[in-house]
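Trainee: Residue 502 is where the sequence shown starts when you use this note's numbering, and the numbers rise one by one after that.
All C-beta atoms in this analysis are idealised placements derived from N, C-alpha and C, irrespective of residue type, glycine included.
Got a structure for you, written out below as structure tokens; questions coming shortly.
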Amino acid sequence: MEKIRCGWCEKDDLYRKYHDEEWGRPVYDDKTIFEFLILESFQAGLSWYTILSKRENFRKAFDNFDYHKMAAYSDQKIEELMNDPGIIRNRLKILAAVTNAQKFMEVQTEFGSFSQYIWGFVDGKPLDRVPESLADVPATTEISDAISKDLKKRGFKFMGSTVVYAHMQATGMVNDHIENCFTRI
């Protein structure tokens, strides 16, 4: 019997695997949360499929998303990244990744972990929306608006409400799997 999935993931096996094993599953460790923050920031204006298909290249290029290393990237490293055909070579997004690594660690210092900070916006537990169809899934919410506003106030870049909501979905802060998706069973 064929599994029923959210319609957006039926493009190919890469998308199905991501949907089945990651999307909407709660993530509480800072390392994974940071990886998704950076990947989502690179998605701005692009498709998630584009980013997902380059994920391994991003991991290699960005030192496996080690925010300590990324926060200290030199101008030479920025130029290396600008010349890496395996990633999105957008200077503003690359510079934002460095800034976001620095700001990420500031939030960790203030809250004990970034996870505590971001999950605090949903009282530490996933919001389960149970949409009937993809048409019922919003691009932003009041919570993503609030997180985006706070991140920007803290100096984060490329963290608009749409990017933040996508991050919330990716890390399971909100479960937007449609009601008949097999992941709900």
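(1) Could you check which residue in Asp677, Gly661, Asn584, Thr610 has the C-alpha nearest to that of phenylalanine 559?
(2) Flag this pair as yes or no: are the beta carbons of isoleucine 579 and phenylalanine 543 separated by less than 7 Å?
(3) So, is histidine 569 buried or exposed, given that buried needs 16 or more other C-beta atoms within 10 angstroms?
(4) Is it true that the stretch 531-542 meets the stretch 660-673, where meeting means three or more beta-carbon pairs spaced less than 8 Å apart?
(5) Going by other Cβ atoms of all chains shown within 10 Å of its Cβ, with 16 needed for buried, is valine 631 buried or exposed?
(6) Out of Arg685, Trp524, His520, which one is the CA nearest neighbour of alanine 671?
(7) Could you say if the stretch 608-624 and the stretch 632-643 meet the contact criterion of at least three C-beta pairs nearer than 8 Å?
(8) Answer with buried or exposed for asparagine 601, where buried requires no fewer than 16 other C-beta atoms within 10 angstroms of its C-beta.
(9) Leaving out five residues on either side along the sequence, give the residues of the same chain with a beta carbon under 6 Å from the beta carbon of leucine 652.
(10) Quick one: residues in its chain with C-beta nearer than 7 Å to the C-beta of valine 599, no 5 flanking neighbours on either side, listed in chain order?
Mentor: With the given structure in hand:
(1) Nearest C-alpha to phenylalanine 559: Asn584.
(2) No, they are not a contact pair.
(3) Exposed.
(4) Verdict: yes, contact present.
(5) With fewer than 16 Cβ atoms within 10 Å of its Cβ, valine 631 is classed as exposed.
(6) Taking only the C-alpha atoms, the option nearest alanine 671 is Trp524.
(7) The stretch 608-624 vs the stretch 632-643: no contact.
(8) For asparagine 601, the number of other beta carbons within 10 angstroms of its own is at least 16, and it is reported as buried.
(9) Answer for leucine 652: Met660, listed in chain order.
(10) Answer for valine 599: Met571, Ala572, Tyr574, listed in chain order.
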